[in-house]
Amino acid sequence: MTVSAPLPTPRFLPVVWKLIRLRLLLNWNTFKHAKVGRKIGTIVITLLILAFAGFIFFLSWLLLGFLHSPTIHQYTGFDAAPFLQAVPVLVFAGLFLGILFSSFGVLLQALYLSGDMDFLLTSPVPIRAVFVTKLLQAVLPNFGLIALFGLPVLFGLGISGHYNFLYYPLILLTMVALTLAAAGLSALLVMLVARVVPPRRVAEVLGFLTATISILCGQSGNLYNSMSHNVHVSGTQVNSLFSLLIRLNTPWNPLDWAGRGLVDLGEGRWLSGLLLVVLTLGLSTIAFSFALATAERWYYTGWAGMQVVARRKRPARAERVQPAQTVVLPESAAAVRMRRLVPTPVQAIVRKDFLVLRRDIRNLSQLVTPLIFGVLYTFMFLRPGGGMFPDQPDMPRTLVNVSHFITTYGNIGMSLFVGWMLLSRLSSMAFSAEGKNYWVLKSSPVRTGHLLTAKFLVAYLPTLALGVIFMVAVSIMQKATPVVFLYGLLASAMCLAGMNGLLLAFGVAGANFNWTDPRRMNAGALGCLGQFLTSLFLAFSFSLFVGPLVLVALFQWPLVYGYLVGGIFGIVICGLAAFLPPWLVRKRVERLNEN
Amino acid sequence: MPIQSLIETRNLVKKYGDKLAVNDVSFEVNGGEVFGFLGPNGAGKTTTIKMIVGLLQPTSGSVKVAGYDVQVQPLQAKASSGYVPDTPNLYAKLTGRELLRFVGDLYDLDRAHVAKRTDELLKMFDLTAAADDTVDSYSHGMQQKASLAAALMHDPKVLVLDEPTVGLDPKSARLIKDILRQMADRGAAVCLSTHILEIAERMCDRIGIINNGSLVAVGTMDELRSLGKSGETSLEDIFLSLTGGAEEAEIAEILK
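Residue numbers (this note's numbering), protein chains in the order written: chain C, -12 to 582; chain R, 48 to 303.
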């Protein structure tokens, strides 16, 4: 028997370079084979980003140079030096914390959920190299983003403060070291979590939380602005902010050492500068090395565990209870009537879609947006003085009437806006949401009309329910009359139906079945066009119902004419919008997913 | 009883842009027959199968399933057929039981029948224990079995399967082979594509070999043997000689 010579262990850095080169090649190939428009877009965006970085650099140079000027101190008594020294501290601390927190989700995806893991872990490459490559791939975009803002500021500070040459290369070195340390620690956190909870579940929950928090943060600004109409930034507030920044710059905080050390070096305080920078670099190296060493042990076991966890979510039902035979209860009269009204295949698709929507938390992160918007905008709308046209003492009587009408029926507008957001997800992606499972529907004997009806209902029913809840709540708070409430309900139901029909048709035209992450199912431009057009339809359909009421108020005609004309026009136009667009795309439905 | 042709393709052509994926394919599969569809990778097997079950529209030609033209009477044709794709993409967040109920409802079957049939199929495919677990917790083999159970829900006259035994353990593969045979014995037409020549040779009553989009041979094993060169008795030899793989086989032999 021939004993083959032992294979040499592949060297770490060349393997890392090979893997990074592979990634670069993939990116280059993606760019090379992209359509011309996309190529031009990529080049334009890159140039814009560079121009933006240049702009920040010059702005920082001028602004910080201005603050360095002794004239400022002479005339205002404001000593900018402590603030200027705190700027690098702020940038480096921000970089470290930003990478540490923002990398969690990206690293989770890169380390555990990317498709090439099987290939990489079965190849004769050191696991440490795979780990480092994945780390770099995941962290580079966030690093680039933070560096895009941070580097020009730090360079601008250096030039305006006439810092010595050592300051500049050490900025880059420190940034890289801190980024690697933060990413290493973040990766360890990911691995720790992945050992306890299945990574796919963590990603789902994280997506939901990120989306919710982002929306809440984004809207809290709007809410704050709307509550305090005029936000004045006083000199005292600016001084407080500067004081806070200066107070953050403390010698005992390790996060501040990098910034303080670089400033000391830049300003010629060599001993303290070198000590702090070396300390930062040393600690970063220790943190990264620790992460590497631990990763080698944790990564493989965590990844291997994930392969099992995915199939071991719950013990089989047989181990929990004796499997139940399906019990068929006699069908109630209501169920029989319902089956006559809504055919069984339609009911089946609706039931299936609701189950899938409810069980996949990744969908919830998209569906929660309208709810947050609804609650916030209702609050903004109903707070004192929050109407569309707050009463002015010198406003003519007719305009006051019109203003009151619009305020009274503004709830329809708000309900439609919230509904539009929900429909944008549910209706325009009704077909795309089927993804690779669409063959089940397509190979079944389901009529196109039934399929369209089911998808229409899946989007319409929850939106209508949300609209009704919204209308009831607002009507109670506004003490609306039953007529106003019922008319609002009719208008809301019809406008939502019209929007739903339009969005459904656009969803069919731009259906995309080739996705793995639900957040990426709406990849086409047609979805955006549909959302834009339906936002116009929203305003149009709202005006159809409310316009005649405003007119009768203007001309002081009997109100009943306004309700009649608005109701008839609204019902006809919205009914047509609900029915016609899906009917027009019915032939396309039959040919979906054939390319 | 006269033999009824349950799958009938006539001059089937499918083009993707300039690329001819299927070129003038005509064959029939009778009731009570297991028909094997063989061909190298990219020969056009899956495209042909997808046209039979109505997932793809032919560029020209026609397909009849249980006497119904798939283009003209798609609902009747689909109601008569069951399909198992090569990759069992099923609704990950439905349980096995919910999936079968959903499929039963799509075929507008009676509620009581759906419930009874669901229990039968789950038991038959050894999925009862996992019936109330979501499909994403199933192994590949379990998903493949769930996919076949869904295809059998309405007891179709025509069963079309694309690589049905890929990824299955020997026990499950044997179960599927037995079920297909039983289906054929009860008068159904079974059309399956496979790469495993042993399965085709042992299971199929007739075999069609497709290469570069064209059907190069159709017939029983004996009929295929008569088409090959003298001395070619195994399906592997016949297949390689008809699809142009014989030279590669010779090279492989030399390299041994």
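Positions of the beta carbon are idealized from the N, C-alpha and C atoms, including for glycine.
- Residue-level contact by beta carbon fails for A68/R and chain C, as no gap is shorter than 8 Å.
- Around the beta-carbon of R412/C, 16 or more other beta-carbon atoms lie within 10 Å, marking it buried.
- In this chain, the beta strand (DSSP E) harbouring S107/R covers 107 to 112.
- Out of R345/C, F529/C, R256/C, F277/C, the CA that lies nearest to the CA of F195/C is found in R345/C.
- In terms of Cα proximity to T281/C, the closest of S173/C, F404/C, K339/C is S173/C.
- Contact with chain R is absent for A460/C, since none of that chain's Cβ atoms lies less than 8 Å from the residue's Cβ.
- Nearest neighbour of L108/C by Cα position, chosen from A168/C, P128/C, Y286/C, G81/C, turns out to be Y286/C.
- In this structure, DSSP gives S319/C a state outside helix and strand, which the three-state scheme calls coil.
- Counting C-beta pairs with one atom in each stretch, the segment 327 to 346 of chain C and the segment 438 to 454 of chain C have three or more that are closer than 8 Å, which means they touch.
- Interface annotation, G291/R: not in contact with chain C, CB-CB separation never under 8 Å.
- Fewer than three beta-carbon pairs drawn from the segment 266 to 275 of chain C and the segment 85 to 97 of chain C are found closer than 8 Å, and the two stretches are therefore not classed as touching.
- Chain R has no Cβ within less than 8 Å of the Cβ of K574/C.
- The Cβ of P432/C sits closer than 8 Å to at least one Cβ of chain R.
- Between I133/C and G171/C, the CB-CB gap reaches or exceeds 8 Å.
- DSSP lists no bridge partner for G28/C.
- Looking at the backbone, the Cα of L403/C and that of L85/R are separated by about 56 Å.
- Under DSSP, V131/R forms a beta bridge with L208/R.
- Across the structure, L147/R and K192/R are spaced so that their CA atoms are roughly 12 Å apart.
- Distance from the Cα of G248/C is smallest, within the candidate group L167/C, V163/C, Y154/C, for Y154/C.
- The beta carbon of D152/R sits closer than 8 Å to some beta carbon of chain C.
- Under the Cβ criterion (8 Å, minimum of three pairs), the segment 111 to 119 of chain R does not count as touching the segment 318 to 328 of chain C.
- Taking 8 Å as the threshold, the shortest C-beta distance from A220/R to chain C does not fall below it.
- In terms of Cα proximity to A446/C, the closest of W407/C, V427/C, F142/C is W407/C.
- Here the segment 99 to 116 of chain C makes no contact with the segment 141 to 156 of chain C; the two share fewer than three CB pairs at distances below 8 Å.
- Under the three-state reduction of DSSP, I54/R is assigned to strand.
- If you draw a straight line from the Cα of V559/C to the Cα of L409/C, it comes to about 23 Å.
- Per the C-alpha coordinates, the member of G534/C, S110/C, V184/C, L541/C positioned closest to Y550/C is G534/C.
- Among the CB atoms of chain C, one or more fall inside 8 Å of the CB of N136/R.
- In the three-state reduction of the DSSP assignment, L448/C falls in the helix class, which pools H, G and I.
- Taking 8 Å as the cut-off between beta carbons, the residues of the segment 422 to 451 of chain C near chain R are G422, K423, N424, W426, V427, L428, K429, S430, S431, P432, V433, R434, in sequence order.
- Secondary structure in the segment 415 to 466 of chain C: the alpha helix (DSSP H) runs of 4 residues or longer, each lying completely within the stretch, are 425 to 429, 435 to 465 in chain order.
- A distance below 8 Å between beta-carbons, with the five flanking residues on each side excluded, links L279/C to the following residues of its chain, in chain order: R115, F118, V119, G171.
- Nearest C-alpha to N582/C among P105/R, E55/R, P132/R: P105/R.
- V163/C and L287/R have their C-alpha atoms roughly 58 Å apart.
- Near chain R, meaning a CB-to-CB distance below 8 Å, the residues of the segment 340 to 351 of chain C are L342, V343, R346, D347.
- Per DSSP, F84/R is one residue of the beta strand (DSSP E) stretching across 81 to 85.
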